[in-house]
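Peer 1:
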Amino acid sequence: MAISGPHIRTDLESITAWVDEGARVLDVGCGEGELLYALVHRKKVDGRGLELSMDGVRRCVGQGLAVIQGDADTDLKDYPSNSFDYVILSQTLQATRQPREILEQLVRIGRHAIISLPNFGYWRVRMELLLKGRMPVTDRLGYDWYNTPNIHFCTIRDFVMLCQEMGIRIERSLILGADEKVVDAPADSGRANWWGEQALFLLQRT
Amino acid sequence: MERPVTETPALFRDCGPAEPARSIVLGKDSPLRLDSGVELGCFRLAYQTYGTLNADRSNAVLVCHALTGDHFVAEKHPVTGKPGWWNLMVGPGKPIDTDRFFVICSNVIGGCLGSEGPKEVNPATGQPWGLSFPVITIADMVRAQKMLVEHLGIRQLFCVIGGSMGGMQVLQWAVSYPEMVYCCLPIATAARHSAQNIAFHEVGRQAIMADPEWRGGDYLNQNTKPTKGLAVARMAAHITYLSEPALHRKFGRNLQNRAAITFGFDADFQVESYLRHQGISFVERFDANSYLYITRAMDYFDLAADHGGVLANAFRVKGADGVERPTPVRFCLISFSSDWLFPTNESRAVVHALNAVAANVSFVEVETDKGHDAFLLDEPEFYQVARGFIEGNAQRRGLTSTAKGA
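Top line first, the protein sequences correspond to chains A and B.
So in the numbering used here, spot 133 of the first sequence is number 133, and the numbers just go up one at a time.
So in the numbering used here, spot 189 of the second sequence is number 1189, and the numbers just go up one at a time.
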């Protein structure tokens, strides 16, 4: 999905580390199956995928992954509650039409949800807007305003507040700054929101 | 999908002498109970196999054929001389690799290439069954296949695969005998026959029955053949297997061996000539009554109706402990973007039902302008997906790359 570049690997590595061996996993917006493949082969998970692009789906199924073509905005409601141990949404929430509804579905379908997000509160993004007065275009957010698939940006603070509002517990978080260096700060801190280029969350419905 | 048995007398028959190769008489010990309530005591199934069954009998693949298909999947057809109808899918090195898998395909019951059907002789009367043959359903076809599979000593099929009506049988297999199917590929199919499809079938049946040579279905006894009616049925059906862009690409408005239109009703256009050819060649290999029976079986197909109107219920399996679980069968549904006979939405409805029980399912829509028939044609992406799914599951099932090694 959307965000490209060499960064994606670290993001996926961290998610892989969080998932228990042999778990039941649904990867929403699984792209060409990079993460799902790693989870199935390294963590022996019972993995499924949902992907909007037919090209991505064909690549996945061609590798033996169980993936269906579908739209997170409309198709998640078909999955029964608690049918997966982990539902993963990697770098996709900002590209959905109804992020809040999606979040609700994720914690309903999975015992845990894992979400990774680009942070719109990252200092470089703020600077771009402040100094240039233009919509930020960075490595991680490499689109112009008129062609970006990312229609619902948020900051780490926005996301943390939404979780609180929805009664979703953040079990674990990981803030990655420039060059994917770990920012040693809690997710609800100002430091995380300033230095974090992206964030990973392990969530649970309370 | 057991329906109440009505008071119809059982149709037992003498099993007769030794069977020719690739054909077997089943139902000798316990009859085949049809959905209509009729019991078939002994019935013949014609079938073909390719490859070698491995020692633990775990590498069997059942291919289910479509409406006018037969069991000659991957070899020269004995009647038409044409190559096997799915030799792009089945054969050495193909997605269903006959060096690795033991492939079975049987002519459906009600068919006309050696399996029990209206064309065969009813031993009770010594005459062809004709319309006295009981009406059969997709589930009946599958019951008969199950008897064949059990006869071959196979407890679980590694894979069941088929397109169109073959895909209906695949779905029925997964629903009726989930423990006997490891993975399956229902292709260009649906969990029920749509009103439009029933309508097209009715046109075909009416064409056959309107042919005076049909003789109320008794043409075999009266030495006639409703070839005209059957040809028209085939022509109408054939249009539904293609797509407007495919017809246009192939024929456009091109004229057939002439420079100008003739102001008459000859086949001026290439597309007319093509359809006439399709109709005429079809009647050489197909029985008109069989066409009535098999189209009817498709019309009656409705998996949800057999499960309280909820398709998802068809994919729940009750364990020995009484707890309902999602079907253990692993599915890969494939549809084709220009298929208007079994459009993608029909496959998607099955996917939604499988998701609703958290079953293991993959689904791909292949982009093509070739219409419903695309599953029989050279669509590299389609075979790539099928190969990936089969390979992934073979590894998971512990099937080595050759049957001999297992």
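Even for Gly, the Cβ is constructed at its ideal location relative to N, Cα and C.
Against A/Ser83, what residues of chain B qualify as contacts under a CB-to-CB distance less than 7 Å, listed in chain order?
Peer 2: Ala1358
Peer 1: Does any residue of chain B have a CB that is nearer than 9 Å to the CB of A/Cys60?
Peer 2: yes
Peer 1: Given this structure, state the Cα-to-Cα distance separating B/Phe1102 from B/Leu1171, to the nearest angstrom.
Peer 2: 21 Å
Peer 1: Rounded to whole angstroms, what is the Cα-Cα separation between B/Ala1314 and B/Ala1190?
Peer 2: If I take the Cα positions, the gap works out to 14 Å.
Peer 1: Under 8 Å between beta-carbons, which chain B residues line up against A/Met54? List them in chain order, please.
Peer 2: Here the neighbours are Val1364, Glu1365 and Glu1367.
Peer 1: Give the residues of chain B in contact with A/Val57, contact being defined as C-beta atoms less than 9 Å apart.
Peer 2: Ser1362, Phe1363, Val1364, Glu1365 and Val1385
Peer 1: Compare the C-alpha of B/Ala1074 against each of B/Asn1054, B/Ile1096, B/Leu1053 and B/Asn1059 and name the closest.
Peer 2: B/Ile1096
Peer 1: How about B/His1409 and B/Ser1106: do their beta carbons lie closer than 9 Å?
Peer 2: In this structure chain B extends from 1001 to 1406, so residue 1409 of chain B is not present and cannot be described.
Peer 1: Should B/Tyr1241 be labelled buried (16 or more other beta-carbon atoms within 10 Å of its own) or exposed?
Peer 2: It counts as buried.
Peer 1: With H, G and I counted as helix, E and B as strand and the rest as coil, what does DSSP make of B/Asp1373?
Peer 2: helix
Peer 1: Taking 9 Å as the CB-CB cut-off, is A/Thr23 touching chain B?
Peer 2: Per the sequence shown, the amino acid found at residue 23 of chain A is Ala instead of Thr. No, its Cβ sits nowhere closer than 9 Å to a Cβ of chain B.
Peer 1: Is it true that the CB of B/Phe1282 sits closer than 9 Å to the CB of B/Leu1220?
Peer 2: no
Peer 1: Can you give the beta carbon distance from A/His152 to A/Thr96, rounded, assuming they're within the 8 Å contact cut?
Peer 2: 7 Å
Peer 1: Kindly list, in the order they appear in chain A, the residues whose Cβ is closer than 8 Å to that of B/Ala1392.
Peer 2: As written in the sequence, residue 1392 of chain B is Gly, which differs from the Ala given in the question. The contacting residues are Gln63, Gly64 and Leu65.
Peer 1: Taking just the CA atoms, how far does A/Trp145 sit from B/Glu1379?
Peer 2: 38 Å
Peer 1: Would you mind telling me which residues of chain A sit closer than 7 Å to B/Asn1355, beta carbon to beta carbon, in chain order?
Peer 2: Asp78 and Tyr79
Peer 1: What separation, rounded to the nearest whole angstrom, lies between the Cα atoms of B/Ala1297 and A/Gln94?
Peer 2: 48 Å
Peer 1: With 9 Å as the threshold, decide whether the Cβ of B/Glu1346 is near any Cβ in chain A.
Peer 2: no
Peer 1: With a threshold of 6 Å on Cβ separation, who are the neighbours of B/Leu1377 within its own chain once the five nearest residues in sequence on each side are excluded?
Peer 2: Lys1370
Peer 1: The beta strand (DSSP E) with A/His112 in it runs from where to where?
Peer 2: Gly110 to Pro118
Peer 1: Give me the DSSP bridge partner(s) of B/Tyr1047.
Peer 2: B/Ser1106
Peer 1: Looking at C-beta atoms only, is the number of pairs between the segment 74-87 of chain A and the segment 1346-1356 of chain B that lie closer than 8 Å three or more?
Peer 2: At 8 Å Cβ cutoff, the stretches touch.
Peer 1: Is it the case that the Cβ atoms of B/Thr1049 and B/Ile1138 are separated by a distance below 9 Å?
Peer 2: no
Peer 1: Using the beta-carbon of each residue, which ones in chain A are nearer than 7 Å to B/His1352?
Peer 2: Asp78
Peer 1: Report the option in A/Tyr122, A/Gly133 and A/Leu131 whose CA atom is closest to the CA atom of A/Asp139.
Peer 2: A/Tyr122
Peer 1: Quick one: is B/Cys1184 near chain A, going by C-beta distance under 9 Å?
Peer 2: no
Peer 1: With 16 other CB atoms within 10 Å as the buried threshold, where does B/Tyr1291 fall?
Peer 2: Around the CB of B/Tyr1291, 16 or more other CB atoms lie within 10 Å, so the residue is classed as buried.
Peer 1: With a CB to CB cut of under 6 Å and the five nearest residues on each side skipped, what residues in its chain are close to A/Phe201?
Peer 2: Ile115, Ile170 and Ser173
Peer 1: A/Ala199 to A/Lys181, Cα distance in whole Å?
Peer 2: 11 Å
Peer 1: Excluding the 5 residues preceding and the 5 following A/Arg24 in the sequence, name in chain order all residues of the same chain whose CB lies nearer than 6 Å to its CB.
Peer 2: Asp46, Phe84 and Asp85
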